[in-house]
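Inspection log for the structure reproduced underneath, given as structure tokens.
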Amino acid sequence: MADDEQRAALENGEVDEKELQDEEEDPPYKQVADFGWSDDGPEDARLKTPCGIAVSGKADVFVADFGAAQVKVYNKDGEFQRAISYTSEQFENFYPGDVAISPDDEFIYVIGAGNFDDWDNNAIIKFNYSGEPLKEIVHDKLKGSISIAVNNRGYVNVVDRLKRRLVVFDHDGKYVRAIGGRGCELGKFNTPMYVHFTRRDFCIVSDLASRIQVFDPDGAVTRLIQTVSGPTGICVDNDDHIIAGGAGINVLTLKGEIIGCIGDCHEGPNTRGVAAATIDGIPHIFAVCCKCSLPEGSKSYVAVYQYDADKMKEMPRKSEVIRRESSWNKLADNGH
339 MADDEQRAAL ENGEVDEKEL QDEEEDPPYK QVADFGWSDD GPEDARLKTP CGIAVSGKAD
399 VFVADFGAAQ VKVYNKDGEF QRAISYTSEQ FENFYPGDVA ISPDDEFIYV IGAGNFDDWD
459 NNAIIKFNYS GEPLKEIVHD KLKGSISIAV NNRGYVNVVD RLKRRLVVFD HDGKYVRAIG
519 GRGCELGKFN TPMYVHFTRR DFCIVSDLAS RIQVFDPDGA VTRLIQTVSG PTGICVDNDD
579 HIIAGGAGIN VLTLKGEIIG CIGDCHEGPN TRGVAAATID GIPHIFAVCC KCSLPEGSKS
639 YVAVYQYDAD KMKEMPRKSE VIRRESSWNK LADNGH
């Protein structure tokens, strides 16, 4: 709350000093770090075109940097650790679009393209945790794939944005099935973006058409969520809250009820991939962010937030604030 707002709230008796002190000392969320700035810091640590992000149980942060043709690895404090890249007979360079970590932290899965501007030449590369390549999965069903998730059984789901569907592979990299297709019906997609698994292997997919869909482990759609405008990155935290990126970062229940929002459509942050992790007992969100309206051009970085979902529930919604202000304005206009 800004200083002027605080003074007005105190004068009007809307809050007392203790409430303001509590808000300042322990807010519902706060940004605690940012790193990987595209124009600042050590050259190796700078991100060029980051897309997807994942955080391991060891609190290492993996960022798929398409522009650098690398997955860059940072520790929880944002210090650069190493870069993972890949070449083979088929791929002179490999440009990662997204990264996923197996629940046991044993394997890293990367979806990407063999050519910078050609998403028809896609593959999944499976690495061990240290970044050594173990398997190259090439399949015609991977054309147009932009994001990836892996579940407890080692099954991999990828988002095929060209054919508007999910494509499923087993733990050996064998094609299992495709889910969805273009459309507005349940189980269909308009502009699918990111995918993530819950702890019970339910699959959650974000869609820029203001839709989030939840699928059971057999691929049947169980829920359609339409409370978030234009969601991009998607993940689930350890308390089964859905974290949805886009213009601001929304925190939702699994039923799709909005708990709170970090930022908004005007202030940002404008996010791509998002990841959640509990570090030292505190929930964290790691978000790939882009500032696109700067005079010097766009800048990419990773922002880190701590949050308390229970306290976020108590935050007034933007719409509630607007309605409240509108009501007061009407009363003032009427001479009240």
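The working numbering puts the last residue of the sequence shown at 674; the count rises by one with no breaks. Ideal placement from N, C-alpha and C gives every residue a C-beta, glycine not left out. Note that the structure is a prediction, hence the values are computed from the model and not measured.
Could you check if residue i is buried or exposed, using at least 16 other CB atoms within 10 Å of its CB as the buried criterion?
i: Asp398; result: buried
i: Asn495; result: buried
i: Ser376; result: buried
i: Thr425; result: exposed
i: Ala558; result: exposed
i: Asn489; result: buried
i: Gly619; result: exposed
i: Leu500; result: exposed
i: Asp554; result: exposed
i: Pro434; result: buried
i: Thr570; result: buried
i: Arg610; result: buried
i: Pro366; result: buried
i: Asp578; result: exposed
i: Asp382; result: exposed
i: Lys464; result: buried
i: Asn576; result: exposed
i: Arg420; result: exposed
i: Pro380; result: exposed
i: Asn466; result: exposed
i: Asp458; result: exposed
My understanding is that residue i touches residue j, with C-beta atoms under 8 Å, so please give their C-beta distance in whole angstroms.
i: Asp443; j: Lys414; result: That pair is no contact at about 14 Å.
i: Ile623; j: Ile587; result: 6 Å
i: Ile580; j: Ile550; result: 7 Å
i: Ala392; j: Ile439; result: 5 Å
i: Gly594; j: Ile563; result: 3 Å
i: Arg502; j: Gly518; result: 6 Å
i: Ile449; j: Ile486; result: 4 Å
i: Gly598; j: Met653; result: 5 Å
Excluding five sequence neighbours on each side, which residues of the same chain lie with their C-beta closer than 6 Å to the C-beta of residue i?
i: Ile422; result: Val409, Gly469
i: Pro388; result: Val401, Asp403, Val626, Ser638
i: Lys629; result: Lys637
i: Gly584; result: Gly568, Pro569, Thr570
i: Gly416; result: Ala371, Phe373
i: Thr560; result: Val552, Asp554
Pick helix, strand or coil for residue i, following the three-state DSSP scheme.
i: Cys599; result: strand
i: Met653; result: coil
i: Glu417; result: coil
i: Asp382; result: helix
i: Leu480; result: helix
i: Ala647; result: helix
i: Thr529; result: coil
i: Glu444; result: coil
i: Phe400; result: strand
i: Phe373; result: strand
i: Ala547; result: coil
i: Ser567; result: coil
i: Arg503; result: strand
i: Leu592; result: coil
i: Glu430; result: coil
i: Ala487; result: strand
i: Gly583; result: coil
i: Asn576; result: coil
i: Pro621; result: strand
i: Arg610; result: strand
i: Leu524; result: coil
i: Pro365; result: coil
i: His509; result: coil
i: Glu474; result: strand
i: Pro388; result: strand
i: Thr536; result: coil
Please go through the same chain and pick out, in chain order, the residues whose beta-carbon is closer than 7 Å to the beta-carbon of residue i, but skip the five residues on each side of it.
i: Ala641; result: Gln369, Asp372, Pro607, Ala625, Cys627
i: Ala547; result: Asn528, Thr529
i: Ala613; result: Ile391, Ala392, Val393, Cys573, Phe624
i: His676; result: No answer is possible for residue 676: the residues shown for the chain start at 339 and end at 674.
i: Pro441; result: Asn490
Once the 5 residues before and after residue i are set aside, which same chain residues still bring their CB inside 8 Å of it?
i: Lys668; result: Confidence at Lys668 is low in this model, with a pLDDT of 38, below 50, so the placement of that residue should be treated as unreliable; the coordinate-derived value is given next. The answer is none, since no qualifying residue turns up.
i: Ile596; result: Thr565, Val566, Asn588, Val589, Leu590, Arg655
i: Tyr513; result: His477, Lys479, Val505, Val506, Phe507
Using a beta-carbon distance below 7 Å, is residue i in contact with chain D?
i: Phe553; result: In summary, chain D is missing from the structure at hand, where a single protein chain is found.
Discussion item. Within 8 Å, do at least three Cβ pairs link the stretch 470-481 to the stretch 521-531?
Written reply: no
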